[in-house]
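First comes the structure, then the notes that go with it.
Residue numbers (the numbering used here), protein chains in the order written: chain U, 228 to 573; chain H, 228 to 573.
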């Protein structure tokens, strides 16, 4: 009998809640025949959504879904400390609890990032030797993808923190991409007036002697070139890079659309170009990159974009599955322990 | 007799040197009939380039160009301190000297950013009350453009520095866009685990009481929405946002091109779409945004992208001209002095 990977879904969170997460669950079950999903939320509402969204083809999958009741929901803008204290029976918290209880090997949520991080840390605990969790996601590039972290869990990261992010990102890339020695770059500003800040310079020195496949400094435009597998930065910087990219992509798409809508002739040109434009859109479709990993915890927590649709949320479930199969937290834990032993011995 | 605006060009710097800057100078002279240009560099080489690039139509413009000799060139990767010390007869330095000497009202260079900043500070001095210069450029948006600063002159900017950047950006936007009360936003990370860092929070408090048209925090995706006129951030963050945007735009253009080149049919579709694609390209053409202002100096210094072509470099000359006409440094100086008086009185 082959392994079954159990994943808990925070079914009530995100901009669209059950009406995205239930179809996403069904999509993921069709795609991956080796997963079971625990939908965590108001039992009655979850069952109703399941009835609403299930089609004939899903009948055989229903036994792969169980429902775990949770009476509360964490609001998207609720302060993390408050959610941690007052939302102990929320869909988010109960979903994380499933991992702690050993009933699931990963949790996926489209909810409040700060609350998910706070609850994840509190319930699952940090891996020994890792000071802070980091948010990591894959970004599309010219030749594939690059894993980038941290994307907003930390601000004012120290050199040691950046170093730990590099180690975690490298382990993630090894696991997800079957890449034995991922190329790791440290995000910096290059040819400008002042080259880097103190933390980045100190992190560079640490990484030079790290044993990772460290290639040195990279700049913002390297994110999309695809010549580096892991890009490490402070969470403030990474979050700005990510959001800036989202904004630019949206502007470009809007301007392209406006130009094709200008006249009958341009609309015709657009129609004629539809296969090209659709293929192009599929290549850069952010839904195929939805799902950010919270690294550094003793468990797998994947954050979906709040506005994700079912295809995007299903992608986040796929990421959780891969991290279970590849035992990402265990690999990070082993690596950091070896490193700490080495330092103590040295 | 109407005013003539004199601009010194560092004619030897940038990736392409004279073969871009001389044609750019001629283009700018055709476009603006109220400027005179001082080409600073090796006299013999500059004259040869002028002869090479001048066409019949330019004959009447030649008296608007003068040549100022400089025997050295600052290398693109030369450390700023070394350039400052050893390149006193470089085209960059002599061009800046023209402003100090009152022979020009602005300088434009496509050279080494750090060296240009160091020489600009040394020769022209900071405006009283401004601690650090900032690099500011216009970014295209859905509805026009946004001025963003700092883009790499400073790292680890304090709240007071961010506040000064806001003031300078607001003055620039007022001058360039004839906008009496530009909307100023402070770049932050929003709905993430930790909201902002200490400097940003403290700058927010300063800006709330500033009298600027401060609209509060904005995020990376707001850069391209066009709902804010000035976006303020630390230079490390701003530089990453700028370079990330360059990389993403390049990736999107490459992927679009690849998809249109895939087969005879897609090439035909591309041909049919050419008017649309050309118009789209023109709208987001980075050459129309080339030219970053070094704000905070007692003089106008505009930095062109090193790889700029003549159209792009001519745009940077246009920015210098506008800043002269609108007296940008004087306005910043007056505003900061009023503010300092207010603080001392308060």
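Positions of the beta carbon are idealized from the N, C-alpha and C atoms, including for glycine.
Host alpha helix (DSSP H) of residue 195/U (start-end): Outside the displayed span of chain U (228 to 573) sits residue 195/U, for which this structure offers no information.
Pull out every residue of the segment 529-558 of chain H whose Cβ sits closer than 9 Å to any Cβ of chain U, in chain order. 533
Can you list, in chain order, the residues of its chain whose CB lies under 7 Å from that of residue 242/H, leaving out five sequence neighbours each side? 533, 534
Candidates 261/U, 231/U, 232/U, 293/U, of which the one nearest residue 249/U by Cα: 293/U
In three-state DSSP terms, what is residue 233/U? strand
Does the beta-carbon of residue 378/U have 16 or more other beta-carbons within 10 angstroms, so that it is buried, or is it exposed? buried
Residue from 558/H, 531/H, 353/H whose Cα sits closest to the Cα of residue 238/H: 531/H
Which class does residue 505/H belong to by DSSP, given the choice of helix, strand or coil? helix
Considering Cα atoms alone, identify which of 279/H, 433/H, 305/H is closest to residue 570/H. 433/H
Taking residue 384/U as the reference, which of 462/U, 325/U, 362/U, 316/U has the closest Cα? 462/U
First through last residue of the beta strand (DSSP E) which encompasses residue 462/U: Not the beta strand (DSSP E): residue 462/U falls in the alpha helix (DSSP H), residues 462-487.
Taking Cβ-Cβ distances below 7 Å as the criterion, which residues of the segment 310-336 of chain U are in contact with chain H? none
For residue 556/H, does the count of other Cβ atoms within 10 angstroms reach 16, so buried, or fall short, so exposed? buried
Chain H contact residues for residue 240/U, given Cβ-Cβ distances below 7 Å: Neighbours of residue 240/U on chain H: none; closest Cβ ~13 Å, over 7 Å.
Given that residue 486/H touches chain U, what residues does it touch there, using C-beta distances under 7 Å? 503, 506, 507
Unbroken beta strand (DSSP E) run spanning residue 372/U, endpoints: 371-376
Looking at the structure shown, is residue 444/U part of a helix, part of a strand, or coil, going by DSSP? strand
Starting from residue 367/H, follow the alpha helix (DSSP H) in both directions and report where the run begins and ends. No alpha helix (DSSP H) contains residue 367/H, which is instead part of the beta strand (DSSP E) from 361-368.
Indicate whether the contact test is met: 3 or more Cβ pairs, each with one atom in the segment 364-372 of chain U and one in the segment 348-355 of chain U, closer than 8 Å. no
Within chain H, partners of residue 447/U - CB distance below 8 Å: 466, 467, 468, 469, 470, 471, 472, 473, 474
What does residue 463/U touch in chain H if you count any residue whose Cβ is under 7 Å from its own? 416, 424, 464
Are residue 473/H and residue 448/U closer than 8 Å when you measure CB to CB? yes
Taking just the CA atoms, how far does residue 440/H sit from residue 336/H? 32 Å
With the cut-off set at 8 Å, would you say residue 543/H and residue 505/H are in Cβ contact? no
Please confirm whether residue 235/U and residue 257/U have their CB atoms less than 8 Å apart. no
DSSP state of residue 410/U mapped onto helix, strand, coil: strand
For a contact meaning CB atoms closer than 8 Å, what does residue 482/H contact in chain U? 369, 507, 510, 511
For residue 185/U versus residue 410/U, is the C-beta spacing smaller than 8 Å? Examination of residue 185/U is not possible in this model, given that chain U is present from 228 through 573 alone.
Have a look at 290/H, 380/H, 291/H, 317/H and flag the residue whose alpha-carbon is nearest the alpha-carbon of residue 465/H. 380/H
Using 8 Å as the limit for Cβ to Cβ distance, is residue 499/H near chain U? yes
Would you say residue 450/U faces chain H, with C-beta separation under 8 Å as the test? yes
Cβ pair residue 220/H, residue 458/H closer than 8 Å: With chain H covering 228 to 573 only, the question about residue 220/H has no answer from this structure.
Check the C-beta distance from residue 305/H over to residue 342/H and give it rounded, since I have them as a contact under 8 Å. 6 Å
Beta-carbon spacing of residue 508/H, residue 536/H below 8 Å: no
Taking Cβ positions only, does residue 429/U come closer than 8 Å to chain H? no
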